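First comes the structure, then the notes that go with it.
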Amino acid sequence: DQQVKQNSPSLSVQEGRISILNCDYTNSMFDYFLWYKKYPAEGPTFLISISSIKDKNEDGRFTVFLNKSAKHLSLHIVPSQPGDSAVYFCAASSRGSNYKLTFGKGTLLTVNP
Amino acid sequence: DVKVTQSSRYLVKRTGEKVFLECVQDMDHENMFWYRQDPGLGLRLIYFSYDVKMKEKGDIPEGYSVSREKKERFSLILESASTNQTSMYLCASLEQGHGYTFGSGTRLTVV
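Chains as they are written, first to last, in my numbering: chain A, 13 to 125; chain B, 116 to 226.
What follows is the structure in structure tokens.
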């Protein structure tokens, strides 16, 4: 069973607009959430994270929102740029799991000029 | 910056061969991980290690083993490669509080 779900395999937005990538989780023990970005033929790179004690974390153009009651998080990218085109993975971990991350299947974001 | 180096970017192996995928990190991290990435399936954890000679199975360990003889090196072994092990293999090292640092990946094709 999938504990971290990214239900949109792809998303297309115009340059300058907002990109919103969504992620749902089922395991209530998860207490730390991360977003990774991956270009083809490269390893994923860390983008932004959020602890379960917060509901928002911001880093430049990237903001992650966490809704614990809904077991939902989202990544907002504002403004979107063509260089943001990549696959975005949502990931989660729980205390005591030896920092093991569970990943979603990813969402391919395409930002059109 | 942490560097995680995977020894090969591309590998082609024959069915039944024993395959070694090597991963080295340069920051004395205790936790290292092997994932495989397949289209539509995301990243799935094969094995991980939280110290030298310590290892734990991930979600899909069947057909794989690992070795961690030194802290900086974590090897993934395919005992007898099969075509369903054709995949992108990603090694990661953990810096606590900063998440994983991934290597560039090894694209393995088993023919």
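For every residue, glycine included, the Cβ atom is placed at its ideal position computed from N, Cα and C.
Treat the numbers as computed from the prediction; the structure is a model and nothing was measured.
Mind checking which residues open and close the beta strand (DSSP E) that includes residue i?
| i | result |
| --- | --- |
| A/Asn79 | 74–79 |
| B/Gln140 | 138–140 |
| A/His88 | 84–89 |
| B/Ala196 | B/Ala196 -> no beta strand (DSSP E), and no H or E assigned at all. |
| A/Tyr111 | First-last for A/Tyr111: undefined, no H or E at that position. |
| B/Ala207 | 202–210 |
| B/Met147 | 147–153 |
| A/Phe45 | 44–50 |
| B/Leu126 | 125–128 |
| A/Asp71 | 68–71 |
| B/Glu184 | 179–185 |
| A/Val123 | 119–124 |
| B/Lys172 | 169–172 |
| B/Thr216 | 214–217 |
| A/Arg29 | Element bounds for A/Arg29: n/a, residue is neither H nor E. |
Report all residues from its chain with a CB closer than 6 Å to the CB of residue i; omit the five preceding and five following residues, and keep chain order.
| i | result |
| --- | --- |
| B/Ser195 | Gly131 |
| B/Thr224 | Val127, Thr201 |
| A/Val99 | Lys50, Gly118, Leu120 |
| B/Arg188 | Val139 |
| A/Thr114 | Gln15, Val16, Ala104 |
| B/Pro154 | none |
If we ignore side chains and look at the alpha-carbon of each, how far apart do residue i and residue j end up?
| i | j | result |
| --- | --- | --- |
| B/Ser123 | A/Thr119 | 27 Å |
| B/Ile161 | A/Gly55 | 16 Å |
| B/Lys133 | A/Pro52 | 27 Å |
| B/Cys206 | A/Ser31 | 29 Å |
| B/Ser208 | A/Ser81 | 31 Å |
| A/Ile89 | B/Asp174 | 31 Å |
| A/Lys68 | A/Thr75 | 7 Å |
| B/Glu177 | B/Asn199 | 11 Å |
| A/Ser64 | A/Phe58 | 18 Å |
| A/Phe101 | A/Asn124 | 20 Å |
| A/Glu70 | A/Tyr44 | 15 Å |
| A/Asn79 | A/Asn39 | 14 Å |
| B/Asp166 | B/Lys186 | 7 Å |
| B/Gln121 | B/Lys170 | 19 Å |
| B/Arg227 | A/Gly95 | Since the first residue shown for chain B is 116 and the last is 226, residue 227 of chain B is missing from the structure and cannot be characterised. |
| A/Ser92 | B/Glu184 | 44 Å |
| B/Met142 | B/Leu136 | 20 Å |
| A/Lys66 | B/Leu156 | 29 Å |
| A/Ile62 | A/Tyr48 | 12 Å |
Among the residues of its own chain, which have a CB less than 7 Å from the CB of residue i, if the five just before and after it don't count?
| i | result |
| --- | --- |
| B/Tyr179 | Ile161, Tyr162, Leu191, Ile192, Leu193 |
Ordered along the chain, which non-local residues of its own chain (more than five positions away) have a Cβ less than 8 Å from that of residue i?
| i | result |
| --- | --- |
| A/Asn19 | Asn34, Asp36 |
### Task
With 7 Å as the limit, tell me which residues of the region 31–51 of chain A have their beta carbon closer than that to any beta carbon of chain B; keep them in chain order.
Of all residues in the region 31–51 of chain A, only Leu46 come within less than 7 Å of chain B when Cβ atoms are compared, listed by chain position.
#### Entry: Contacting positions in the region 56–72 of chain A - beta carbon closer than 8 Å to chain B
Residues of the region 56–72 of chain A with a C-beta less than 8 Å from any C-beta of chain B: Pro56, Thr57, Phe58, Ser61, listed in chain order.
### Task
Report yes or no: do three or more beta-carbon pairs, one from the region 30–45 of chain A and one from the region 79–93 of chain A, lie closer than 8 Å?
Contact between the region 30–45 of chain A and the region 79–93 of chain A is present: three or more C-beta pairs spanning the two stretches fall below 8 Å.
### Query
Using a beta-carbon distance cut-off of less than 7 Å, what residues from the region 193–208 of chain B approach chain A?
From the region 193–208 of chain B, only Leu205 have a Cβ closer than 7 Å to chain A.
### Message
Please identify, using Cβ separations under 7 Å, the residues of the region 100–119 of chain A that lie next to chain B, in order along the chain.
### Response
Listed by position, the residues of the region 100–119 of chain A near chain B (Cβ gap below 7 Å) are Phe101, Asn110, Tyr111, Lys112, Leu113, Phe115, Gly116, Lys117, Gly118.
### Query
the region 156–170 of chain B: which residues have C-beta closer than 7 Å to a C-beta of chain A, in chain order?
Within the region 156–170 of chain B, the residues whose Cβ lies closer than 7 Å to some Cβ of chain A are Leu156, Gly157, Leu158, Leu160, Phe163, Tyr165, listed in chain order.
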